[in-house]
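Asker: I am attaching a structure below and will ask some questions about it afterwards.
There are 2 protein chains.
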Amino acid sequence: MSGTTNDVRDRRAERHDATRAEIVAAAWELARDHGLGDISLRDLAGRVGMKAQSIYSYFDSKDAIYDAMFAEGARAFLERSRDAFERRSDSDDLFEVLRDRAEGFTRFCTDDPVRYQLLFQRPIPGFEPSAEAYAPAVEALDLLHQRMTRHGLDDPAVVDLWTALLAGLTDQQISNDPGGDRWLRLVDRAVQMFVDHVTKGS
Amino acid sequence: MSGTTNDVRDRRAERHDATRAEIVAAAWELARDHGLGDISLRDLAGRVGMKAQSIYSYFDSKDAIYDAMFAEGARAFLERSRDAFERRSDSDDLFEVLRDRAEGFTRFCTDDPVRYQLLFQRPIPGFEPSAEAYAPAVEALDLLHQRMTRHGLDDPAVVDLWTALLAGLTDQQISNDPGGDRWLRLVDRAVQMFVDHVTKGS
DNA sequence: GTCTATAATCTGATAGAC
DNA sequence: GTCTATCAGATTATAGAC
Chain G
31 MSGTTNDVRD RRAERHDATR AEIVAAAWEL ARDHGLGDIS LRDLAGRVGM
81 KAQSIYSYFD SKDAIYDAMF AEGARAFLER SRDAFERRSD SDDLFEVLRD
131 RAEGFTRFCT DDPVRYQLLF QRPIPGFEPS AEAYAPAVEA LDLLHQRMTR
181 HGLDDPAVVD LWTALLAGLT DQQISNDPGG DRWLRLVDRA VQMFVDHVTK
231 GS
Chain C
31 MSGTTNDVRD RRAERHDATR AEIVAAAWEL ARDHGLGDIS LRDLAGRVGM
81 KAQSIYSYFD SKDAIYDAMF AEGARAFLER SRDAFERRSD SDDLFEVLRD
131 RAEGFTRFCT DDPVRYQLLF QRPIPGFEPS AEAYAPAVEA LDLLHQRMTR
181 HGLDDPAVVD LWTALLAGLT DQQISNDPGG DRWLRLVDRA VQMFVDHVTK
231 GS
């Protein structure tokens with residue numbers, strides 16, 4: 031059994047992975063058009079030129095597709111977090127570092143509200159991301175903790191206040207001015223407010 | 031036509047309204063159990079001892095039920111806003127007023143996350159609240175504007191920063207620590223941060 | 001106002017031929 | 001790996017008897 035050469039097996043695996051990626055990409059498109067919860071396997075298959083039943087050759091269930099989407103989003107989030115912190119790896123200016131991170135985060139979220147919804151609001155009843163899919167998101171939050179500690183902000187409450195501030199700007203922007211910049215414009219000001227607060231008395 | 035007495039007509043209307051209210055109450059229960067988007071007319075009717083089709087004697091469509099829920103939530107929100115501002119109607123202490131309002135708002139939202147979701151996040155594809163249902167929410171936001179202006183905060187950006195701060199605390203609490211108080215504990219601190227910021231230099 | 005009956009359609013998922 | 005055929009349901013909504 032399995033007496034095939036490495037060449038053959040790689041080509042098959044590559045095609046399989048490519049098709050999986052194609053399905054996930056089509057799922058994002060559908061989610062953006064009809065809402066995250068309203069993806070049907072029939073519509074999804076139609077977009078990639080298949081019948082619904084053929085999807086099961088690539089994913090065990092509908093939730094497995096959501097899990098792949100979550101994993102992709104979480105990896106993108108980690109990558110952007112890394113970029114943002116590395117770009118300012120030499121900076122000791124707290125405001126500069128946090129403003130960069132805040133602008134990166136809010137743009138990441140408002141660029142793709144559906145991805146934001148899936149990653150940070152979990153609106154699909156019964157779906158919980160797997161530990162593997164979740165791991166990069168945890169790592170990204172850890173990067174934030176590390177960087178804040180480097181600036182002397184090791185109080186967990188301070189980190190929570192920071193995440194709340196970013197979540198609020200993002201949420202208001204997406205919910206009440208989609209496509210606009212009414213709350214995005216306030217990012218600098220909000221970061222200044224936060225920095226003033228945490229450096230108060232020093 | 032309509033030769034009935036006022037008594038008879040009132041009793042009928044009262045019963046009709048009471049049943050409508052019963053249906054809406056059951057819809058809230060279902061939404062809390064299964065998620066806002068997963069209310070089916072069959073389940074809903076079952077809760078009030080009816081068949082699904084009988085619901086149509088009280089509501090023209092499923093969206094009309096969501097609209098009634100939205101209206102109820104918006105009225106409750108306006109009522110709480112009024113209470114909060116009236117309780118401090120004589121106070122000139124900005125921190126005191128805003129802390130009261132912030133605690134009231136975050137508790138209102140975290141007490142009933144599904145109501146928060148319906149009122150402030152609009153997660154049901156294809157549903158938009160009617161103007162009548164929406165009106166109390168607009169009025170509540172207007173109360174906030176008036177009160178802030180009274181304290182010299184007439185910059186719209188300041189009001190937006192305030193709503194973002196509250197939305198962020200609420201959203202993080204509901205999404206990442208449901209039933210707990212990890213972000214609710216930060217309300218006072220967040221309000222102090224905000225007040226320090228807007229009174230800076232005065 | 002509530003019911004039965006039913007329309008018309010969608011859903012995720014499985015079995016088995018090729 | 002893709003298909004046909006099908007299951008076993010769900011869904012909102014309407015027509016018409018009582």
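Chains as they are written, first to last, in the working numbering: chain G, 31 to 232; chain C, 31 to 232.
Even glycine gets a Cβ: it sits at the ideal position worked out from N, Cα and C.
Does the distance between the C-beta of Ser160 of chain C and the nearest non-hydrogen atom of the ligand GTP fall short of 7 angstroms?
Answerer: The ligand GTP is not part of the structure shown, which contains no ligands of any sort.
Asker: Please list, in chain order, the chain C residues whose beta carbon lies closer than 9 angstroms to that of Asp226 of chain G.
Answerer: Along the first sequence, one-based indexing puts residue 226 of chain G at 196. Result: Met223, Asp226, His227, Lys230.
Asker: Among G:Asn206, G:Asp90, G:Leu171, G:Gln222, whose alpha-carbon lies nearest the alpha-carbon of Ala104 of chain G?
Answerer: Numbered from 1 along the first sequence, position 74 holds the residue referred to as residue 104 of chain G. Of the listed residues, the one whose Cα sits closest to Ala104 of chain G is G:Leu171.
Asker: Cα separation between Ser232 of chain C and Leu183 of chain G?
Answerer: Residue numbering aside, residue 232 of chain C sits at position 202 when the second sequence is read from its first letter. Residue numbering aside, residue 183 of chain G sits at position 153 when the first sequence is read from its first letter. Their Cα atoms are separated by approximately 28 angstroms.
Asker: Measuring alpha carbon to alpha carbon, tell me which residue in G:Gly156, G:His181, G:Leu60 is nearest Phe115 of chain G.
Answerer: As a working mapping, residue 115 of chain G is identified with position 85 in the first sequence. When only C-alpha atoms are compared, the closest one is G:His181.
Asker: Find out if the Cβ-Cβ distance for the pair Asp201 of chain G, Ala197 of chain C is shorter than 8 angstroms.
Answerer: Sequence index remark: in the first sequence, residue 201 of chain G carries index 171 (1-based). Sequence index remark: in the second sequence, residue 197 of chain C carries index 167 (1-based). Contact flag set, yes.
Asker: Beta-carbon within less than 8 angstroms of Asp52 of chain C's beta-carbon, same chain only, minus the 5 sequence neighbours each way: which residues are those?
Answerer: As a first step, residue 52 of chain C is located in the second sequence; it is residue number 22 there, counting from the start. The identity of residue 52 of chain C in the sequence shown is Glu, whereas the question assumes Asp. For Glu52 of chain C, where only same-chain residues beyond five positions count, the Cβ hits under 8 angstroms are Val78.
Asker: I want to see whether chain C comes within less than 8 angstroms of Phe150 of chain G, judged by CB atoms only; does it?
Answerer: Position 120 of the first sequence holds residue 150 of chain G. With its beta carbon less than 8 angstroms from one in chain C, Phe150 of chain G belongs to the interface.
Asker: Who are the neighbours of Ala132 of chain C on chain G, taking C-beta pairs under 7 angstroms?
Answerer: Here residue 132 of chain C corresponds to residue number 102 of the second sequence, with the count starting at 1. By Cβ distance, chain G contributes nothing, its closest Cβ being about 12 angstroms from Ala132 of chain C, past 7 angstroms.
Asker: Does His175 of chain G come out as helix, strand or coil in the three-state DSSP assignment?
Answerer: By 1-based counting over the first sequence, the position of residue 175 of chain G is 145. In this structure, His175 of chain G counts as helix in the three-state DSSP scheme.
Asker: For Leu214 of chain C, report the span of its alpha helix (DSSP H) as first-last.
Answerer: For the purposes of this step, residue 214 of chain C is identified with residue 184 of the second sequence, where counting begins at 1. From DSSP, Leu214 of chain C is part of no alpha helix (DSSP H); its letter is neither H nor E.
Asker: Return the chain-ordered ranges of every alpha helix (DSSP H) run that is complete within the region 68-109 of chain C and spans a minimum of 4 residues.
Answerer: 71-77
Asker: Just verifying my parser: in three-state terms, what is the DSSP assignment at Leu233 of chain G?
Answerer: This structure leaves residue 233 of chain G out entirely; chain G is present only between 31 and 232.
Asker: Could you list the residues in the region 41-70 of chain G with a C-beta less than 7 angstroms from some C-beta on chain C, going in chain order?
Answerer: His64, Gly65, Gly67, Asp68
Asker: Would you mind sorting Thr229 of chain C into buried or exposed? The rule is 16 or more other CB atoms within 10 Å of its CB.
Answerer: Here the question's residue 229 of chain C lines up with position 199 in the second sequence. Its Cβ having fewer than 16 others within 10 Å, Thr229 of chain C is exposed.
Asker: Taking 8 angstroms as the threshold (C-beta atoms), are Leu71 of chain G and Ala82 of chain G in contact?
Answerer: Numbered from its first residue, the first sequence carries residue 82 of chain G at position 52. Numbered from its first residue, the first sequence carries residue 71 of chain G at position 41. The answer is yes: Cβ separation under 8 angstroms.
Asker: So Ser205 of chain C contacts chain G; which residues on that side make the cut at Cβ distance below 9 angstroms?
Answerer: Residue mapping note: residue 205 of chain C aligns to position 175 of the second sequence, counting from 1. Within 9 angstroms Cβ-Cβ: Phe150, Gln151, Arg152, Ala197.
Asker: Against Arg212 of chain G, what residues of chain C qualify as contacts under a CB-to-CB distance less than 7 angstroms, listed in chain order?
Answerer: On the first sequence, residue 212 of chain G is found 182 positions in, with the first residue counted as 1. The answer, in chain order, is Asp190.
Asker: Below 8 angstroms on the Cβ atoms is my contact criterion, and I expect Ala194 of chain G with Leu199 of chain C to pass it. Report the Cβ-Cβ distance as a whole number of Å.
Answerer: Along the first sequence, one-based indexing puts residue 194 of chain G at 164. Along the second sequence, one-based indexing puts residue 199 of chain C at 169. Rounded, the Cβ-Cβ distance is 5 angstroms, consistent with contact.
Asker: Could you give the residue range of the alpha helix (DSSP H) that holds Gly134 of chain C?
Answerer: Counted from its first residue, the second sequence places residue 134 of chain C at position 104. Taken as a continuous stretch (DSSP letters only), the alpha helix (DSSP H) holding Gly134 of chain C covers 124-141.
Asker: Judging by CA-CA distance, which residue of C:Ile204, C:Asp97, C:Leu191, C:Arg152 is the nearest neighbour of Arg215 of chain G?
Answerer: Your numbering for residue 215 of chain G matches position 185 in the first sequence. Checking every option, the nearest Cα to that of Arg215 of chain G belongs to C:Leu191.
Asker: Output needed for Val225 of chain G: all residues of its chain with C-beta closer than 7 angstroms, excluding positions within five of it in sequence on either side, in chain order.
Answerer: Here residue 225 of chain G refers to the residue found at position 195 when the first sequence is read from its first residue. If we look at Val225 of chain G and ignore the five residues flanking it on each side, its Cβ neighbours are Leu124, Phe125, Leu128.
Asker: Do you know whose CA, among G:Ser119, G:Gly156, G:Phe138, G:Arg45, lies nearest Ala64 of chain C's CA?
Answerer: As a first step, residue 64 of chain C must be located in the second sequence, where it is residue number 34. Checking the sequence shown, residue 64 of chain C turns out to be His, not Ala. Nearest of G:Ser119, G:Gly156, G:Phe138, G:Arg45 to His64 of chain C, Cα basis: G:Gly156.
Asker: If you draw a straight line from the C-alpha of Ser121 of chain C to the C-alpha of Ile69 of chain G, how long is it?
Answerer: Here the question's residue 121 of chain C lines up with position 91 in the second sequence. Here the question's residue 69 of chain G lines up with position 39 in the first sequence. Roughly 52 angstroms between the two C-alpha positions.
Asker: What's the call for Arg177 of chain C, buried or exposed, on a 16-neighbour Cβ count within 10 Å?
Answerer: Here residue 177 of chain C corresponds to residue number 147 of the second sequence, with the count starting at 1. By the neighbour-count rule (16 or more Cβ atoms within 10 Å), Arg177 of chain C is buried.
Asker: Here's the rule I'm using: 16 or more other beta-carbon atoms within 10 Å means buried, otherwise exposed. How should Thr140 of chain G be labelled?
Answerer: Position 110 of the first sequence, counted from the first residue, corresponds to residue 140 of chain G. Looking at its Cβ environment, which holds 16 or more other Cβ atoms inside 10 Å, Thr140 of chain G is buried.
Asker: Going straight from the alpha carbon of Leu27 of chain G to that of Met99 of chain C, what length do you get?
Answerer: In the structure as shown, chain G begins at 31 and stops at 232. Residue 27 of chain G is therefore absent and cannot be evaluated.
Asker: I need the DSSP call for Gly198 of chain G, collapsed to helix, strand or coil.
Answerer: The sequence position of residue 198 of chain G within the first sequence is 168, counting from 1. It is helical.
Asker: So what's Glu116 of chain C in DSSP terms, helix, strand or just coil?
Answerer: Along the second sequence, one-based indexing puts residue 116 of chain C at 86. Residue state, collapsed to three classes: helix.
Asker: Quick check on Ile247 of chain C: does DSSP put it in helix, strand or coil?
Answerer: What is shown of chain C runs 31 to 232, which leaves residue 247 of chain C out entirely.
Asker: What whole-angstrom Cβ distance do Val144 of chain C and Arg62 of chain C have, given they're in contact under 8 angstroms?
Answerer: Position 114 of the second sequence holds residue 144 of chain C. Position 32 of the second sequence holds residue 62 of chain C. Contact flag correct, Cβ pair sits at about 5 angstroms.
Asker: On a Cα-Cα basis, can you pick out the residue from G:Phe138, G:Phe107, G:Ala132 that is closest to Arg118 of chain G?
Answerer: Within the first sequence, the letter at position 88 stands for residue 118 of chain G. The shortest C-alpha separation from Arg118 of chain G is found at G:Ala132.
Asker: With a threshold of 8 angstroms between beta carbons, is Met31 of chain C in contact with chain G?
Answerer: Taking the first residue of the second sequence as 1, we reach residue 31 of chain C at position 1. At Met31 of chain C the pLDDT is 48, less than 50, meaning the model places this residue with poor confidence and gives no usable figure here.
Asker: Using a Cβ-Cβ cut-off of 8 angstroms (strictly less than) and excluding sequence neighbours within five positions of Val217 of chain C, which residues of its own chain qualify?
Answerer: Sequence index remark: in the second sequence, residue 217 of chain C carries index 187 (1-based). Answer for Val217 of chain C: Arg129, Ala132, Glu133, Thr136, Leu199, listed in chain order.
Asker: Relative to the C-alpha of His175 of chain C, which candidate in C:Ala187, C:Tyr164, C:Ala165 has its C-alpha closest?
Answerer: In the second sequence, the residue the question calls residue 175 of chain C occupies position 145. The shortest C-alpha separation from His175 of chain C is found at C:Ala187.
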